[in-house]
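Protein chains: 2
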Amino acid sequence: MTATPVTDAYTPTDRTVPTRSAKRAHYDRETVHSILDQAYVCHLGFIRDGAPVVLPTLFGRVGDALYIHGSTGSRPLLAAGKADPGLAVCVTVTHVDGLVLARSAFHHSINYRSVVVHGTAYQVTDEEECRMALDALVDHVVPGRSADSRPANAKELAATAVIRLDLTEVSAKIRTGGPNDDAEDMDLPHWAGVVPVAPVYGAPEPAADLAPGIATPGYLAAL
Amino acid sequence: MTATPVTDAYTPTDRTVPTRSAKRAHYDRETVHSILDQAYVCHLGFIRDGAPVVLPTLFGRVGDALYIHGSTGSRPLLAAGKADPGLAVCVTVTHVDGLVLARSAFHHSINYRSVVVHGTAYQVTDEEECRMALDALVDHVVPGRSADSRPANAKELAATAVIRLDLTEVSAKIRTGGPNDDAEDMDLPHWAGVVPVAPVYGAPEPAADLAPGIATPGYLAAL
């Protein structure tokens, strides 16, 4: 008996097929997961009192599930707990890779990689899944870190709400390469090209009250 | 006759006073504008067919107005043009400044600066304001660049929609410093501290078809 193979791409929907630049859209899991996993922060969109709200927040990924956590008193987590069935959300992750300078103002752009997830977030009530999600959140910021920190205790777990958003309606969008100037602009005297941008880590700064003898861990060098 | 002085802070509202970590909230114009102006990309939230949508997009700022542009065929810009009166939006900008590693998983965090703007976006119909907004968008990506590129022509202006969101209901949120571990965790053997993160520019890469003799402009060195 063979296991049903997991398809390696998400199915496009009306919401995940862009109205423009459709060639920049990607649906394969590898691309989507890679963009998500390189980010620390997502932008969580939800509706409160009839108006959109977008908040930056940490997230973790386990397979095809995104996890977001917060105080049980935070607005979206309260709403996800109260909402039946769940809370309609949109989660977006964006990396800026370069500034694209064209001869024409019109064709200025940026090189970027983004993922947009549409769906319904549900509050996680199973304690095992909560603990796994919290580990995933810590390991998303620094891979390997959850094993080198004190896990949440009962009081902390009780104060923390976790919501899950399954990756089903999801797409990536990627722009790469140089400017796309019009043919008639090629002789203009303006410089054109790309200025690359990337996040860079500085040297780890130990806490002022770090006990002597605790060395900087090796997994920080891997950043 | 003396001009009425512009107040130097935005007035907090129910939506801009956080339910938690209220001491991290800031309302002064200088802080808010500085966070906005260091970003290339904002996350624009709006409601489509009853569900939240969050899209990354470029933006510009002129005084207390944010401008966002796009194809006249793009979904939010179409919606802002059709909506009467305007389109309810939330625009969020986030900088990640550091990864905060605490002894406990619970106190892991990031250092960040973010701005959240709530309001109604209106389509800009005045051609002069459109041109000014497009210059601001280009100069937001690279200060000084709009004067060194071909301005939009009539055809491009006709294909571009610009929306304006006034900065009235707006707040910044800032976290700085090291981990806030609990007293009983201070003797745990885990490293604690901050790993700084910052965007870094690479050397400008001229377009493959850049005419010979066009030097890299000085304003790129200022990045």
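Heads up: the sequence lines are chains Y and V, in that order.
Heads up, the first sequence is in the working numbering, so the first residue is -17 and it goes up one at a time.
Heads up, the second sequence is in the working numbering, so the first residue is -17 and it goes up one at a time.
For each residue, glycine too, the CB sits at the ideal point set by N, CA and C.
Straight-line CA distance for Y:Ala129 to Y:Ala87?
Residue mapping note: residue 129 of chain Y aligns to position 147 of the first sequence, counting from 1. Residue mapping note: residue 87 of chain Y aligns to position 105 of the first sequence, counting from 1. Their Cα atoms are separated by approximately 50 Å.
Here's the rule I'm using: 16 or more other beta-carbon atoms within 10 Å means buried, otherwise exposed. How should Y:Gln20 be labelled?
For the purposes of this step, residue 20 of chain Y is taken as the residue at position 38 of the first sequence. Counting of Cβ neighbours within 10 angstroms places Y:Gln20 among the exposed residues, the total staying below 16.
Listed in chain order, which residues of the segment 165 to 188 of chain V have Cβ atoms closer than 9 Å to some Cβ of chain Y?
Listed by position, the residues of the segment 165 to 188 of chain V near chain Y (Cβ gap below 9 Å) are Asp167, Met168, Asp169, Leu170, Pro171, His172, Trp173, Ala174, Gly175, Val176, Val177, Pro178, Val179, Ala180, Pro181, Val182, Tyr183, Gly184, Ala185, Pro186, Glu187, Pro188.
Who are the Cβ neighbours of V:Pro161 in its own chain at under 8 Å, not counting the five residues just before and after it?
The residue you call residue 161 of chain V lines up with position 179 of the second sequence. Excluding residues within five positions, the ones whose Cβ falls inside 8 Å are Val82, Leu83, Ala84, Arg85, His89, His90, Ser91, Ala174, Gly175, Val176.
Which of helix, strand or coil DSSP assigns to V:Thr(-7)
Here residue -7 of chain V refers to the residue found at position 11 of the second sequence. Looking at V:Thr(-7) - three-state DSSP - the assignment turns out to be coil, as it is neither helix nor strand.
For V:Ala134, which residues of its own chain have a beta-carbon under 8 Å away from its beta-carbon, when the five flanking residues on both sides are left out?
Working through the second sequence from its first residue, we reach residue 134 of chain V at position 152. Here the set comprises Arg113, Leu116, Thr142.
Cα separation between V:Val97 and V:Arg157?
For the purposes of this step, residue 97 of chain V is identified with residue 115 of the second sequence, where counting begins at 1. For the purposes of this step, residue 157 of chain V is identified with residue 175 of the second sequence, where counting begins at 1. Here the alpha carbons of V:Arg157 and V:Val97 stand approximately 12 Å from one another.
Which first and last residues belong to the alpha helix (DSSP H) in which V:Glu110 is found?
Taking the second sequence and counting its residues from 1, the one referred to as residue 110 of chain V is at position 128. According to the DSSP assignment, V:Glu110 belongs to the alpha helix (DSSP H) that extends over 109 to 123.
Please classify V:Val78: is it buried, with 16 or more other beta-carbons within 10 angstroms of its beta-carbon, or exposed?
Here residue 78 of chain V is taken as the residue at index 96 of the second sequence, counted from 1. Buried, by the Cβ-count rule.
Interface residues of chain V facing Y:Pro199 [CB-CB closer than 8 Å]:
Start at 1 with the first residue of the first sequence, and residue 199 of chain Y comes out as number 217. In chain order: Trp173.
Members of the segment 132 to 143 of chain Y that neighbour chain V once the beta carbon cut-off is set at 7 Å
Within the segment 132 to 143 of chain Y, the qualifying residues are Arg132, Pro133, Ala134, Glu138.
Tell me, please, whether the CB atom of V:Gly159 is closer than 7 Å to any CB atom in chain Y?
On the second sequence, residue 159 of chain V is found 177 positions in, with the first residue counted as 1. No, because no Cβ of chain Y sits closer than 7 Å to the Cβ of V:Gly159.
For Y:His15, report the span of its alpha helix (DSSP H) as first-last.
Sequence index remark: in the first sequence, residue 15 of chain Y carries index 33 (1-based). That run of the alpha helix (DSSP H) goes 11 to 19.
Would a check of beta-carbon distances place V:Ala203 closer than 7 Å to chain Y?
Start at 1 with the first residue of the second sequence, and residue 203 of chain V comes out as number 221. Chain Y contact via Cβ: absent.
Beta-carbon proximity check, Y:Asp148 vs Y:Ala47, cutoff 7 Å
Here residue 148 of chain Y refers to the residue found at position 166 of the first sequence. Here residue 47 of chain Y refers to the residue found at position 65 of the first sequence. In this structure, Y:Ala47 lies closer than 7 Å to Y:Asp148 by Cβ.
Just how far apart, CA to CA, sit Y:Ala193 and V:Asp167?
Residue numbering aside, residue 193 of chain Y sits at position 211 when the first sequence is read from its first letter. Residue numbering aside, residue 167 of chain V sits at position 185 when the second sequence is read from its first letter. Looking at the two C-alpha atoms, the distance is approximately 11 Å.
Can you name the residues of chain V whose CB is closer than 9 Å to the CB of Y:Val44?
Here residue 44 of chain Y corresponds to residue number 62 of the first sequence, with the count starting at 1. Chain V residues near Y:Val44: none, gap ~16 Å exceeds 9 Å.
Please classify Y:Ser16: is it buried, with 16 or more other beta-carbons within 10 angstroms of its beta-carbon, or exposed?
Here residue 16 of chain Y is taken as the residue at index 34 of the first sequence, counted from 1. Under this definition Y:Ser16 is an exposed residue.
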